[in-house]
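Residue numbers (the numbering used here), protein chains in the order written: chain C, 285 to 399; chain R, 3 to 114.
This is the structure:
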């Protein structure tokens, strides 16, 4: 069966510090991978998605970036965090585009607080 | 631009009641619709996925319907239990392998 891991589970960082959140998927190959953010009082918003190694699409311009160094690894980064980067970050995966289904499965999330 | 709305924002019911959660979307050209459950501080659990060509899907006490032409979906929960207390999120996609667009959710509280 497939599982998705995220770490760390919680993170408290000062403004201006760097960020690295990691997501890994087990039990599947060539998944589509996604980073979403859930901010207080707002719905879930897609930040990045990837259909393959090194292929990243950005949905929202911001000071965050994403990378996919391996097939089942997705990393969210920032060089300098802003207060507005606080939120709950969720990684998700789905089967490749060739499948008729697009059911997305989510990880446990990382709670980021920027002070 | 697709917008997804969920009404009500919060709902409290006694145990045993049947209930309906509503989801509406502005652009009917969707690929599929997915219902999720989110417990406080946790990730999302997929409950049901309805393809655009389908009218409904069932899993246990849950039944989700889709009326694409009117831009509406409902999640029916039968014989509610305290363990059903959570936030329920509706999301649509326009193409395989692309983003889900979420509503803000309905927070359900079932009292014993």
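Note that beta-carbon positions come from the ideal geometry of N, C-alpha and C, so glycine has one too.
Here the C-alpha atom of residue 325 of chain C lies approximately 13 Å from the C-alpha atom of residue 12 of chain R. DSSP places residue 63 of chain R in no beta strand (DSSP E); its state is neither H nor E. The Cβ atoms of residue 316 of chain C and residue 378 of chain C lie closer than 8 Å to each other. At a cut-off of 8 Å between beta-carbon atoms, residue 297 of chain C makes no contact with chain R. In this structure, the alpha-carbon of residue 59 of chain R lies about 5 Å from that of residue 66 of chain R. Residue 113 of chain R sits close to residue 14 of chain R, with the two beta carbons spaced by under 8 Å. For residue 312 of chain C, there is no enclosing beta strand (DSSP E), as DSSP marks it with neither H nor E. Under the DSSP definition of a beta bridge, residue 306 of chain C partners with C:291 and C:359. If one requires a minimum length of 3 residues, the beta strand (DSSP E) runs lying completely within the region 39-109 of chain R are 46-53, 58-61, 64-69, 74-79 and 88-95, in chain order.
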